[in-house]
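> Numbering (UniProt numbering), first residue to last: 1 to 37. Each residue gets a CB set at the ideal place from its N, CA and C atoms; glycine is no exception.
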Amino acid sequence: VTGDVVLVDRGNCTFTAKANIAEDAGAMALLVTNNRE
């Protein structure tokens, strides 16, 4: 995912955890979708 924008569901882990994983994978941005109503 180096240089890509990553799209993830809100899910159960923290936003910080998602950001850290995306950063470690080389993503340039992280978009989080709300999958809860």
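Can you give me the start and stop residues for the alpha helix (DSSP H) that D24 sits inside?
Run containing D24: F15 to D24, per the alpha helix (DSSP H) assignment.
> Can you tell me which of R10, T2 and M28 puts its alpha carbon nearest to the alpha carbon of E37?
E37 has its Cα closest to that of R10, out of R10, T2 and M28.
> Could you tell me which residues DSSP puts in a beta bridge with D9?
Paired residue(s): T33.
> Below 6 Å CB to CB, which residues in the same chain sit around A22 once its five sequence neighbours on both sides are set aside?
Hits under 6 Å: V6 and L30.
> In angstroms with no decimal places, state the Cα-to-Cα distance between T16 and G3.
Between T16 and G3, the C-alpha separation is close to 19 Å.
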